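J.: Below is a structure I'd like to ask you about.
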Amino acid sequence: MTRTFYIKTMGCQMNEYDSDFLAQSMIQYGLFPVDDPNHADIVLINTCIVRAKPEQKALSFLGRMNAVKKRNPALILGIVGCLAQKEGANLMKRFPQLDLVMGPRELAGIHEILKPLDSDRKKIVATKLDCGPAPRVHTPGYFAGRPTAHLCIMEGCNNFCSYCIVPHVRGREVSRPSVEILEEAKALISEGVRDITLLGQNVNSYLSKENKGLNFPSLLCKISRLEGLWRLRFTTSHPKDMSEEMIQCFREIPNLCPHLHLPFQSGSNRILKAMKRGYTREKYLELTTRLREVRPEIAITSDVMVGFPGESDKDFQQTLDLISQVKFDSLFSFKYSDRKGTVAEKLPAKIDEMEKTSRLSILQGLQREITLKKNKAFEGREVEVLIEGKSKKGDMLTGRTPSNKNVNFISDNNCFNSLAKVLIKDGLLNSLRGEAVKNE
Ligand code: SAM
Ligand code: SF4
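For the sequence shown, the working numbering begins at 5 and goes up steadily by one.
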């Protein structure tokens with residue numbers, strides 16, 4: 005009988021990439037993916053614990069899966085990713101229904117782990133952090149029909165920002181060999197992928213040891229020249245490592261998309277110092293000005309936090325001021341939450357939850373005004389969209405511009421994975437809406 009698996013993915017693009025890797029490995033092992041965890045023989049939950057909220061979500065999904073396992077004791081249930089790394093064997097004690105606890109650096113060994121798990125029903129805890137990024141598997145056909153894909157170029161992080169759990173659960177930074185990355189990019193393109201996003205916690209510090217110290221701008225150049233690749237993107241960049249050489253890539257590489265996600269976290273130098281971010285607000289403002297000089301149409305997006313320990317009203321005003329000056333295309337904004345084992349967890353002067361909520365709501369209100377104004381400025385303009393499929397309601401086509409704006413549009417042509425010229429009629433808060441321009 006065919007055996008099946010289901011992977012629940014929570015959190016960031018890195019987790020999506022890891023889940024794609026796990027799914028391809030499991031297909032190669034002879035298992036089939038299903039859309040419903042109630043009909044799966046193996047369920048893996050790929051978790052995120054970067055903030056308190058996703059951690060609670062992961063635990064509540066695990067609670068629901070425990071109930072499924074009570075009804076079906078043959079189910080193999082596993083927790084993978086950052087929560088697995090942080091809690092290790094403790095998770096198995098807390099949730100005896102679990103069969104597998106596997107950290108992010110152990111994923112490459114999934115085949116060896118599946119055998120004893122599947123045939124002998126052995127419980128396994130795999131949480132080594134010193135394994136390098138292993139060669140990735142590629143299952144032919146897995147990406148067919150998908151115009152976009154992620155490609156992880158490095159693992160881990162060395163920055164230890166004072167609030168962040170990532171270096172503790174994803175280990176030290178290791179860059180993948182450039183040859184392997186290029187092979188993976190070619191495999192994606194051969195399946196029809198046209199838009200690739202390179203992933204790493206801090207892509208600017210990429211350095212391939214194998215290739216005489218090939219740095220990130222050189223890697224970008226090499227990948228951009230692959231035939232059939234229309235759009236190249238990357239995330240995340242750290243402002244402290246954003247060099248002039250990197251900025252010039254936006255002028256020199258034609259298929260490098262005009263979009264940069266550059267987290268700033270706070271507009272106050274005092275808070276940036278306490279966060280151990282390694283740059284000032286002045287440096288950040290200088291970078292964004294320079295980027296717009298080099299590529300005027302560039303969309304700049306960012307991450308920001310409110311309520312870091314000791315954040316005064318004045319610090320918060322400086323964050324608002326930076327947002328008003330830069331005018332981001334969009335922002336991911338979060339309330340600071342304590343993460344166990346980080347430096348910030350031990351800092352005094354924690355901010356009251358109500359105050360954090362109020363600051364977040366003021367900040368999001370300001371950003372909504374900016375985003376809407378920017379999107380309205382697209383009305384009457386033609387943009388190029390890579391068609392990804394049907395819109396959520398199914399009545400339009402959907403895709404993204406090079407600057408990463410979502411576009412929903414009416415068209416007679418249903419040709420997915422192709423480029424369309426779209427005339428924008430409405431600039432909305434979360435998307436642009438328009439009509440395909442007919443070829444003469
Ligand atoms: N490596 C990237 C960087 O340096 O920007 C992203 C890391 S993290 C996965 C994504 C975002 O989560 C961060 O940019 C930060 O805004 C937010 N974040 C991280 N730790 C947090 C915490 N303890 N509380 C609230 N937000 C946090
Ligand atoms: Fe976390 Fe800072 Fe590393 Fe980003 S750069 S993953 S915020 S420690």
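Think of the CB as a built atom: it goes at the ideal place given N, C-alpha and C, for glycine as much as any other residue. Owing to the predicted nature of the structure, the values given are computational and were not obtained by experimental measurement.
Would you check if the distance between the CB atom of Leu26 and the CB atom of Ile114 is smaller than 8 Å?
T.: Contact flag set, yes.
J.: Measuring from the CB of Asn206, is there a heavy atom of the ligand SAM at a distance below 7 Å?
T.: The answer is yes for Asn206.
J.: Does at least one heavy atom of the ligand SF4 sit under 7 Å from the Cβ of His172?
T.: Checking every heavy atom of the ligand SF4 against the Cβ of His172, none is found closer than 7 Å.
J.: Would you grab the beta carbon distance between Leu2 and Ile53 for me? Rounded to a whole angstrom, and I think it's under 8 Å.
T.: The structure shown has nothing for residue 2, since the chain only spans 5 to 444.
J.: Rounded to the nearest angstrom, what separates Glu91 and Lys442 at their Cα positions?
T.: Approximately 56 Å between the Cα atoms of the pair.
J.: State the start and end residues of the unbroken alpha helix (DSSP H) segment that holds Met106.
T.: No alpha helix (DSSP H) holds Met106; the beta strand (DSSP E) holding it covers 104 to 106.
J.: Going by DSSP, name the residue or residues bridged to Arg404.
T.: Paired residue(s): Leu390, Asn410.
J.: Under 8 Å between the Cβ atoms of Tyr10 and Ala56?
T.: Going by C-beta atoms, Tyr10 is not nearer than 8 Å to Ala56.
J.: Starting from Cys156, follow its DSSP beta bridges and name the residues at the other end.
T.: Cys156 is bridged to Leu203.
J.: If you count every other CB in all the chains shown that lies within 10 Å of the CB of Leu79, and 16 or more means buried, which is it?
T.: Classification for Leu79: buried.
J.: Which of the three DSSP states is assigned to Gln101 in this structure?
T.: Three-state DSSP puts Gln101 in coil, outside helix and strand.
J.: For the beta strand (DSSP E) that Ile49 lies in, which residues bound it at each end?
T.: Segment 46 to 51, the beta strand (DSSP E) holding Ile49.
J.: Please classify Arg75 as buried or exposed, where buried requires at least 16 other C-beta atoms within 10 Å of its C-beta.
T.: So Arg75 counts as exposed.
J.: Does the beta-carbon of Phe332, which I'm using as the reference point, lie nearer than 7 Å to any heavy atom of the ligand SAM?
T.: No - the ligand SAM has no heavy atom lying nearer than 7 Å to the Cβ of Phe332.
J.: Does the ligand SF4 have even one heavy atom less than 7 Å from the beta-carbon of Asn163?
T.: Yes.
J.: Leaving out five residues on either side along the sequence, give the residues of the same chain with a beta carbon under 7 Å from the beta carbon of Asp325.
T.: Cβ neighbours of Asp325 beyond the five flanking positions: Gly271.
J.: Could you pull out every residue in the same chain whose Cβ sits closer than 8 Å to the Cβ of Thr8, ignoring the five residues on either side in sequence?
T.: So the qualifying residues of the chain are Leu35, Phe36, Pro37, Val38, His43, Ala44, Asp45, Ile46.
J.: Give me, in chain order, the residues of the same chain whose beta-carbon lies closer than 6 Å to that of Ser179; leave out the 5 immediate sequence neighbours on both sides.
T.: Hits under 6 Å: Met158, Tyr210, Leu211, Ser212.
J.: At a cut-off of 7 Å, would you count Cys86 as near the ligand SAM, judging by its Cβ distance to the nearest heavy atom?
T.: The answer is no for Cys86.
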